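A.B. asks: Under my numbering, the first residue of the sequence shown is numbered 6, with each subsequent residue one higher.
We treat Cβ as the ideally placed atom computed from N, Cα and C, and that holds for glycine.
All of these numbers come straight from a predicted model, not from anything done at the bench.
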Amino acid sequence: MNTPVNAIQPYESTALADFVFAHQTMSISMFSELPPLPRITKKDGHPVVSIAEDSNTLRLLLDSIYPTSEERCLNDMGLFWKAAKASQKYCMKIIEDKLRKRVLASDLMKCHSLGMYAVATDLGWDDVAIAAARQTL
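Have a look at this one:
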């Protein structure tokens with residue numbers, strides 16, 4: 006399990022409202038495919054949710070939700086893959102689509118096209134896999 010890390014700007018608790026996770030049993034099929042909710046503990050009176058993703062992965066996901074004046078450069082294929090997998094795991098379709106568009110325009114496609122082909126294939130992103138394959142020619 007990862008060691009808890011305090012959030013940095015703009016994600017620290019003073020900048021965003023506290024998130025409350027509630028779990029209700031629902032009979033909608035979409036919810037049956039979601040991973041189980043993480044265990045919630047408390048630290049300094051605030052809820053702490055333990056999740057498998059590291060802080061860099063979460064930062065890339067959150068940057069897509071809460072954009073800053075400058076987007077972080079996509080130059081780490083492993084980090085990109087982890088963020089895209091997390092967006093699929095947590096059913097964040099809009100974030101997944103944003104990541105897909107960003108990677109198509111990134112240097113990762115030019116400099117690491119073979120690796121990006123493998124990542125895109127793993128993610129089930131046929132359009133990105135085809136674009137990466139074309140970059141290898």
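Per DSSP, what kind of secondary structure is threonine 46 in: helix, strand or coil?
C.D. replies: If DSSP states are grouped into helix, strand and coil, threonine 46 belongs with the strands.
A.B. asks: Could you give the distance in angstroms between the alpha-carbon of leucine 65 and the alpha-carbon of arginine 77?
C.D. replies: Cα-Cα distance, rounded: 8 Å.
A.B. asks: Buried or exposed for threonine 46, please, with buried defined as at least 16 other CB atoms from any protein chain shown within 10 angstroms of its CB.
C.D. replies: So threonine 46 ends up on the exposed side.
A.B. asks: With which residues is histidine 117 paired in a DSSP beta bridge?
C.D. replies: None; histidine 117 has no bridge partner.
A.B. asks: Following the continuous alpha helix (DSSP H) through glutamate 101, name the residue where it begins and the one where it ends.
C.D. replies: That run of the alpha helix (DSSP H) goes 98–109.
A.B. asks: Since proline 52 is in the beta strand (DSSP E), which residue starts that stretch and which ends it?
C.D. replies: From DSSP, the beta strand (DSSP E) with proline 52 extends over 51–54.
A.B. asks: Where does serine 60 fall in DSSP's three states?
C.D. replies: Helix at serine 60.
A.B. asks: With aspartate 131 as the anchor, note down where its alpha helix (DSSP H) starts and where it stops.
C.D. replies: Aspartate 131 -> alpha helix (DSSP H) spans 131–140.
A.B. asks: For tryptophan 130, which residues in the same chain have their Cβ closer than 7 Å to its Cβ, ignoring the five residues on either side in sequence?
C.D. replies: Arg105.
A.B. asks: Using the C-alpha atoms, what's the distance from leucine 67 back to serine 60?
C.D. replies: Each residue's Cα considered, the two are about 10 Å apart.
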